[in-house]
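Shown next, in structure tokens, is the structure this report addresses.
Number of protein chains: 2
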Amino acid sequence: MPPTVRKVNLAEAFERIPAPWQPHVAGVVNGCAVKLARFRGEFLWHQHEHEDEMFLVVKGAFTMRLRDGDVHLKAGELVVIPRGVEHMPVAEQEALVLLFEPRGTLNTGNIRDARTVENPPTI
Amino acid sequence: MPPTVRKVNLAEAFERIPAPWQPHVAGVVNGCAVKLARFRGEFLWHQHEHEDEMFLVVKGAFTMRLRDGDVHLKAGELVVIPRGVEHMPVAEQEALVLLFEPRGTLNTGNIRDARTVENPPTI
Numbered sequence: 231m232p233p234t235v236r237k238v239n240l241a242e243a244f245e246r247i248p249a250p251w252q253p254h255v256a257g258v259v260n261g262c263a264v265k266l267a268r269f270r271g272e273f274l275w276h277q278h279e280h281e282d283e284m285f286l287v288v289k290g291a292f293t294m295r296l297r298d299g300d301v302h303l304k305a306g307e308l309v310v311i312p313r314g315v316e317h318m319p320v321a322e323q324e325a326l327v328l329l330f331e332p333r334g335t336l337n338t339g340n341i342r343d344a345r346t347v348e349n350p351p352t353i
Numbered sequence: 231m232p233p234t235v236r237k238v239n240l241a242e243a244f245e246r247i248p249a250p251w252q253p254h255v256a257g258v259v260n261g262c263a264v265k266l267a268r269f270r271g272e273f274l275w276h277q278h279e280h281e282d283e284m285f286l287v288v289k290g291a292f293t294m295r296l297r298d299g300d301v302h303l304k305a306g307e308l309v310v311i312p313r314g315v316e317h318m319p320v321a322e323q324e325a326l327v328l329l330f331e332p333r334g335t336l337n338t339g340n341i342r343d344a345r346t347v348e349n350p351p352t353i
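Those protein sequence lines, which keep their order, are chains A and B. Heads up: the first sequence runs through residues 231 to 353, numbered per the numbering used here. Heads up: the second sequence runs through residues 231 to 353, numbered per the numbering used here.
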């Protein structure tokens, strides 16, 4: 097998993520990262000026709050949040989420707080 | 809800795909497409000169044949095939697969045959 080809089992990878809201990089595709994160509780209102973000629920469910309404997402559902659109993920129960976005996209977008992750590790 | 935010339920979307090996676009993130395809049978050896491709199995299982060995993938597993690496997906039973690659990436890469899809429709 070429050394650059690495299979990732999502369930095993999520188990290695120690806490909610900490994105980890599962792969890079044309400079765009596949990130994994556990969602639990309320995150914060933010937006990304230059980057779209895709969220795919792998397990559980969460609500993406938008200024114009809520989008409820459960396992097997995805949504793309275009750049510039304010959003806040909220998960009453834990949700396991796969994201597509540039590697350098900050999880907290235009906001800095204790949950900001500057350089997400590879999982 | 902003009109640009559209939730996609993967199970419902896959049901609208009429035949295997026909990619459909479920969303676009920073110019890169989230595509859905049903895999069944043998595809063909091909490579993409300039594009990496990610394959995530949503349901079922398939084998990614590589010149140096096989990678067996089941639901909840993903792999990134770097540009220039020859590969051939083979699915003994039907597999439902989410791909992440540039919108213009040809499903058959450097090969043209009856299964080449020039402009995958949006689902």
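The beta carbon of each residue, even a glycine, is placed where N, CA and C say it ideally should be.
Which listed residue (the options) has its alpha carbon closest to that of residue i
i, options, result
"A/G306", "B/L286, B/I311, B/E316, B/H254", "B/L286"
"A/E279", "A/I341, A/A263, A/V288", "A/I341"
"A/R297", "A/I311, A/M284, A/D282, A/E281", "A/I311"
"B/T335", "B/I247, B/V258, B/R236", "B/V258"
"B/A304", "B/E281, B/E272, B/L328, B/V315", "Checking the sequence, you will find Lys at residue 304 of chain B rather than Ala. Among B/E281, B/E272, B/L328, B/V315, the Cα nearest to that of B/K304 belongs to B/L328."
"B/R345", "B/V238, B/E272, B/V264", "B/E272"
"A/R236", "B/G339, B/M294, B/E281", "B/M294"
"B/P351", "B/A321, B/A256, B/A249, B/G290", "B/A256"
"B/E322", "B/G299, B/A291, B/R246", "B/A291"
"B/G314", "B/G339, B/F244, B/E245", "B/G339"
"A/N337", "A/A241, A/D300, A/L308, A/E283", "A/E283"
"B/A241", "B/G299, B/E348, B/K289, B/D343", "B/K289"
"A/R270", "A/D343, A/P248, A/Q277", "A/P248"
"B/A243", "B/V301, B/V347, B/L326, B/G299", "B/L326"
"A/E316", "A/R268, A/V301, A/C262", "A/V301"
"B/P250", "B/E348, B/E324, B/N349, B/D343", "B/E324"
Where the beta strand (DSSP E) through residue i begins and ends
i, result
"A/L266", "262–272"
"B/E245", "That residue, B/E245, is in no beta strand (DSSP E); its alpha helix (DSSP H) goes 240–245."
"B/E324", "317–332"
"A/V259", "254–259"
Partner residues on chain A for residue i, Cβ-Cβ distance less than 8 Å
i, result
"B/M284", "G257, V259, V264"
"B/I311", "V235"
Chain B residues whose Cβ lies nearer than 8 Å to that of residue i
i, result
"A/A241", "G306"
"A/E281", "N260"
Nearest-angstrom Cβ-Cβ length linking residue i and residue j, presumed shorter than 8 Å
i, j, result
"A/N260", "B/P332", "6 Å"
"A/L266", "A/M318", "The Cβ separation is near 20 Å, so there is no contact."
"B/V238", "B/F330", "Actually they do not touch by this definition, with Cβ atoms about 14 Å apart."
"B/I353", "B/R268", "About 12 Å; that fails the 8 Å criterion."
Residues that residue i contacts on chain A, provided the C-beta gap is smaller than 7 Å
i, result
"B/L351", "According to the sequence provided, residue 351 of chain B is Pro. The question's Leu does not apply to it. Under the 7 Å cutoff, chain A gives no residues; its nearest Cβ is about 17 Å from B/P351."
"B/F292", "Near B/F292 there are no residues of chain A at all, since even the closest Cβ is about 12 Å away, more than 7 Å."
Any non-hydrogen atom of the ligand FAD within 6 Å of residue i CB
i, result
"B/L296", "This structure lacks the ligand FAD; in fact it carries no ligand of any kind."
Residues that residue i contacts on chain A, provided the C-beta gap is smaller than 9 Å
i, result
"B/P253", "Simply none; closest approach about 15 Å."
Neighbour list for residue i in chain D, Cβ cutoff strictly below 9 Å
i, result
"A/P332", "The structure shown contains no chain D; its protein chains are A and B."
Enumerate, from N- to C-terminal direction, the unbroken beta strand (DSSP E) stretches of 3 or more residues contained entirely within the region 272–316 of chain A. Those beta strand (DSSP E) runs which fall completely within the region 272–316 of chain A and span 3+ residues are 283–289, 291–296, 299–304, 307–311.
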